[in-house]
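Numbered by our numbering, the letters in the sequence shown go through residues 209 to 493 in order.
Just so you know, even glycine gets a beta-carbon here, dropped at the ideal spot from N, CA and C.
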Amino acid sequence: MDPIITRTSTVFALSLCVACIPPAFADPDDNALVIEGVEITTDVAAPADSPFSRLYSGWRFRSPETQALQTDDFDNPAFAAVELGAELWETVDGTEGKSCASCHNEAEESMKGLRASTPKWSEAAGKPQTVQNFVNSCRTERMGADAWKWESGNMLAMTSFIGLQSRGMPVAVKTDGPMETWWQKGKDLYYTRVGQLDLACANCHETNYGMRIRSDHLSQGQINGFPTYRLKWGGLGSIHRRFKGCMDQVRAEPYKRGSDEFLALELYVASRGAGLSVESPAVRN
Ligand code: HEC
Ligand code: HEC
209 MDPIITRTST VFALSLCVAC IPPAFADPDD NALVIEGVEI TTDVAAPADS
259 PFSRLYSGWR FRSPETQALQ TDDFDNPAFA AVELGAELWE TVDGTEGKSC
309 ASCHNEAEES MKGLRASTPK WSEAAGKPQT VQNFVNSCRT ERMGADAWKW
359 ESGNMLAMTS FIGLQSRGMP VAVKTDGPME TWWQKGKDLY YTRVGQLDLA
409 CANCHETNYG MRIRSDHLSQ GQINGFPTYR LKWGGLGSIH RRFKGCMDQV
459 RAEPYKRGSD EFLALELYVA SRGAGLSVES PAVRN
């Protein structure tokens with residue numbers, strides 16, 4: 209047996225499994241996800257340079273009850289926020305007397321595909337930009353409005369509304385050119401062991417995905433569904449909130465939301481999900 213797997217499984221059994229039930233493997237299930245008639249790719253052959261042979265959306269690791277919440281927008285608890293996002297899109301704010309719609313017209317057209325391709329390079333910023341970065345630069349530089357906090361209700365609503373315009377489209381971030389150093393930085397972070405438990409992202413989401421830990425089923429840690437409504441949070445959260453939560457779990461000092469570290473990590477993790485459909489806004493436990 210691969211000694212690394214034995215080692216990390218032991219770490220799991222000792223430090224993560226509160227009730228000390230040894231971890232068990234369970235494949236992602238075979239359920240198919242169709243949302244409002246749109247087929248969602250939750251399972252795709254991995255690209256040649258991937259550590260996986262197949263990529264799986266986190267949806268495939270959830271219970272049938274949680275899965276069902278995502279199949280119908282009426283049942284998806286994230287849709288109250290999507291509606292708020294649609295309202296904010298039309299709302300004039302700031303000293304310039306403009307709304308998002310004043311310049312971008314219909315989000316269904318202008319924002320289509322954006323979530324599938326972010327983080328993406330911005331010449332103006334001189335670095336990759338997430339959807340949140342774009343929203344705030346328009347607010348502060350083009351509307352004369354205040355920036356929204358990363359995890360604020362308005363930002364989650366707007367990013368859910370923008371994300372929805374890419375639902376069903378394959379994740380396809382660019383990682384070449386000026387993106388390459390950021391991608392490499394994200395990759396380094398992904399494989400660096402941190403915290404009191406001395407675990408890297410890869411120890412859970414690459415080497416041990418499929419394992420059952422406590423009452424949870426470890427996925428590949430994909431981000432195609434964000435912003436995601438988590439039943440545990442009782443609300444929506446950003447990718448960076450999830451990263452922070454995972455770093456907290458291993459008792460590491462987490463990076464800040466919007467930091468260059470999480471930006472690099474978001475780019476790298478997005479690239480690991482190439483070809484999976486955008487599911488925003490997804491539902492997880
Ligand atoms: C100790 C194990 C562990 C480590 C280390 C860990 N995570 Fe997680 N992570 C989990 C668990 C458990 C979940 C919830 C079940 C699932 O989706 O895998 C989760 C969920 C996630 C999700 C949500 C997946 C979805 O479909 O919504 C993402 C993204 C994620 N982790 C990224 C990371 C990143 C990036 C790192 C490194 C900074 C990391 N995780 C480190 C255990 C871990
Ligand atoms: C005064 C006009 C103006 C307003 C108002 C405005 N934007 Fe923008 N926005 C732009 C311009 C110009 C760009 C950069 C050019 C481009 O790539 O389309 C841009 C880029 C973006 C991008 C990146 C698009 C891409 O394809 O890279 C997003 C996302 C965005 N804006 C969201 C918003 C949101 C959300 C609002 C409202 C809160 C808003 N914008 C308000 C003019 C505006």
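Measuring C-alpha to C-alpha distances from L484 to each of I431, C454, M455 and R465 identifies I431 as the nearest. The DSSP assignment places complete alpha helix (DSSP H) segments of no fewer than 4 residues inside the segment 428-462 at 447-457, in order along the chain. Residue pairing of I421 in beta bridges, as defined by DSSP: D424.
Excluding five sequence positions before and after C308, the CB atoms of its chain that fall closer than 6 Å to its own CB belong to W297, given in chain order. The continuous stretches of alpha helix (DSSP H) do not include K335, which lies in the beta strand (DSSP E) extending over residues K335 to Q337. Counting only the Cα atoms, G334 lies some 18 Å from Y476. DSSP places F470 in the helix class (H, G or I) of the three-state scheme.
Counting along the chain, the unbroken beta strand (DSSP E) around K328 starts and ends at K328 to S330.
Using a 10 angstroms sphere on the CB of N313, the tally of other CB atoms stays under 16, which defines it as exposed.
An exposed status is given to V300, since fewer than 16 other beta-carbon atoms sit within 10 Å of its beta-carbon. Per DSSP, the beta bridge partners of R492 are R438. With a threshold of 7 Å, the Cβ atom of F434 does not count as near ligand 2, since no heavy atom of the ligand is closer than that. By the Cβ test, the segment 328-342 is in contact with the segment 356-376, since at least three Cβ pairs between them sit closer than 8 Å.
If one requires a minimum length of 4 residues, the alpha helix (DSSP H) runs lying completely within the segment 377-426 are 387-399 and 409-413, in chain order. Short note on L473: C-beta closer than 7 Å to some heavy atom of ligand 1. For L263, the uninterrupted beta strand (DSSP E) segment begins and ends at R262 to Y264. Relative to ligand 1, even the nearest heavy atom lies 7 Å or more away from the CB of I370. Only exposed fits E388, as fewer than 16 other CB atoms lie within 10 angstroms of its CB. The DSSP assignment places complete beta strand (DSSP E) segments of no fewer than 3 residues inside the segment 226-301 at 241-243, 246-248, 251-253 and 262-264, in order along the chain. With fewer than 16 other Cβ atoms inside 10 Å of its own Cβ, E304 counts as exposed.
Closest by C-alpha distance to A380, out of G245, A234 and A254, is A254. Sequence-distant partners of L292 (beyond 5 residues in either direction) whose C-beta falls short of 6 Å from its own C-beta, in its chain, are A365. A Cβ-Cβ distance of about 6 Å is found for the pair P378 and A324, placing them in contact under the 8 Å criterion.
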